[in-house]
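Have a look at the structure below before the remarks.
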Amino acid sequence: MDVFLDHLQHLPTALYGALGTAAQIVIIVAATILALRVAGAVVRGVIRALLDREASEGTAQELSAIELAKRRATLESLGGAVVRTIIVVIGFLMALDALHLNVAPAIAGLGIAGVAIGLGAQGLVRDYLAGAYILIENQYARGDVVRIADVAGTVEDFSLRRTTLRDTDGTLHSVPNGLIGVASNMTRLWARVNVELTVPYGTDLGRATEIIDAAGREMADDPDWARRLLEAPRFDRVDGLGSGLILKASGAVRAADRWAAEGELRRRLVVAFEAAGIRPQA
Numbered sequence: 469m470d471v472f473l474d475h476l477q478h479l480p481t482a483l484y485g486a487l488g489t490a491a492q493i494v495i496i497v498a499a500t501i502l503a504l505r506v507a508g509a510v511v512r513g514v515i516r517a518l519l520d521r522e523a524s525e526g527t528a529q530e531l532s533a534i535e536l537a538k539r540r541a542t543l544e545s546l547g548g549a550v551v552r553t554i555i556v557v558i559g560f561l562m563a564l565d566a567l568h569l570n571v572a573p574a575i576a577g578l579g580i581a582g583v584a585i586g587l588g589a590q591g592l593v594r595d596y597l598a599g600a601y602i603l604i605e606n607q608y609a610r611g612d613v614v615r616i617a618d619v620a621g622t623v624e625d626f627s628l629r630r631t632t633l634r635d636t637d638g639t640l641h642s643v644p645n646g647l648i649g650v651a652s653n654m655t656r657l658w659a660r661v662n663v664e665l666t667v668p669y670g671t672d673l674g675r676a677t678e679i680i681d682a683a684g685r686e687m688a689d690d691p692d693w694a695r696r697l698l699e700a701p702r703f704d705r706v707d708g709l710g711s712g713l714i715l716k717a718s719g720a721v722r723a724a725d726r727w728a729a730e731g732e733l734r735r736r737l738v739v740a741f742e743a744a745g746i747r748p749q750a
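Quick note on numbering: the sequence shown equals residues 469 to 750 in my numbering.
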């Protein structure tokens, strides 16, 4: 009977303790949920502010609205996932502490698990980190023509894990981002138009220069090319000696039109030289 009475005497203290612990858990859960909501808004605000600043400074490199939206969504998703994971882990550890459980083993377990995963998946981690840098630095995007890891082609798909390219032969290449040391983007903003033409020895260079410059001006005045050419093609130099004089013409064009522009300029030069009685050589 005395034991029962003793338990009754201590019941309020135990009850108050349990209620206090429950209240702490409720507060921690509510704070975690609130932090998740606030963090999501903060991440979105930071990403948008950074992209807007790049656009205002001209460092966004005139990306289309679709490309900017795609980049913003990917960055928000990546940043949000990282922040949410950190908040949930902190909330979980705080809940364990509120339950008077020793959190040291949990922290040690997380550390050991992290080391084990890191050792077993170093390549995978490297791929994801490299993909994040590619995305953040905006090295290339879907639709760009790039050369990476000794492979050149059009970017058909990009994820944090890998980049998928299709080359001119139609072969699809899947390149882990961790293998990309240098990324050469051939369709970003503008490109040079470089065309070489071989004419017979004895050709009047002054006349040849006039023909090339005139063909370049006509191409720049063509409505189909006026907005695509950034600099009218013109005679550059005698680029070498072979079966004849190798003349080089150059100009500037929107990057996406570089190959079409070279083909069109070459066609116009051949027509112009033949009209002047000068037959270009193969």
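Glycine included, every Cβ here is placed at the ideal spot set by N, Cα and C.
{"Asked": "Return helix, strand or coil for GLY731, following the three-state DSSP convention.", "Found": "helix"}
{"Asked": "Looking at C-alpha atoms only, which residue of GLU686, ALA728 and TYR669 is the closest neighbour of ALA700?", "Found": "GLU686"}
{"Asked": "Under 7 Å between the Cβ atoms of GLY599 and LEU633?", "Found": "no"}
{"Asked": "Assign TYR608 to one of two classes, buried (16 or more other C-beta atoms within 10 Å of its C-beta) or exposed (fewer than that).", "Found": "buried"}
{"Asked": "Considering only C-alpha positions, which residue in the set GLU624, VAL721 and VAL706 is nearest to ILE714?", "Found": "VAL706"}
{"Asked": "For my contact list, ILE721 and ARG696 are in at a C-beta cut-off of 8 Å; report their separation, rounded to the angstrom.", "Found": "Checking the sequence shown, residue 721 turns out to be Val, not Ile. The Cβ separation is near 6 Å, so the contact holds."}
{"Asked": "Residues in the same chain with beta-carbon distance under 8 Å from THR671, minus the five sequence neighbours each way, listed in chain order, please.", "Found": "GLY712, LEU713 and ILE746"}
{"Asked": "Taking all protein chains shown into account, do 16 or more other C-beta atoms lie within 10 angstroms of the C-beta of SER718, making it buried, or fewer, making it exposed?", "Found": "buried"}
{"Asked": "Would you list the one or two residues that DSSP bridges to ALA651?", "Found": "ILE616"}
{"Asked": "Between LEU623 and LEU518, what straight-line distance do the alpha-carbon atoms span, to the nearest angstrom?", "Found": "Residue identity check: residue 623 is Val in the sequence provided, not Leu. Their backbone Cα atoms lie some 25 Å apart in a straight line."}
{"Asked": "How would you label LEU567, buried or exposed, when you count the other beta carbons within 10 angstroms and need 16 or more for buried?", "Found": "exposed"}
{"Asked": "Hey, how far is the Cα of THR527 from the Cα of ASN653?", "Found": "Low local confidence applies: a pLDDT of 48 at THR527 is under 50, so the model's placement there is unreliable, and no value is given."}
{"Asked": "For GLY599, which of helix, strand or coil comes out of DSSP?", "Found": "helix"}
{"Asked": "Taking the beta carbon of HIS478 as the centre, do at least 16 other beta carbons fall within 10 Å, making it buried, or is it exposed?", "Found": "The predicted position of HIS478 is uncertain, since its pLDDT is 49 and thus under 50; a value taken from the coordinates is nonetheless stated next. Counting Cβ neighbours within 10 Å, HIS478 comes out exposed, since fewer than 16 surround it."}
{"Asked": "When the distance is taken between beta carbons, is ASP635 closer than 7 Å to GLY621?", "Found": "yes"}
{"Asked": "Cβ of ILE555 within 7 Å of Cβ of LEU504?", "Found": "yes"}
{"Asked": "Kindly indicate which residue of LEU673, GLU664, ASP704 and LEU698 has the alpha-carbon position closest to the one of LYS738.", "Found": "A quick correction: the sequence has Val, not Lys, at residue 738. Nearest option by C-alpha distance: GLU664."}
{"Asked": "Consider the C-beta atom of ARG685 and the heavy atoms of the ligand SAM; say whether any pair is separated by less than 6 Å.", "Found": "In the structure on display, the ligand SAM does not appear, and there are no ligands present to speak of."}
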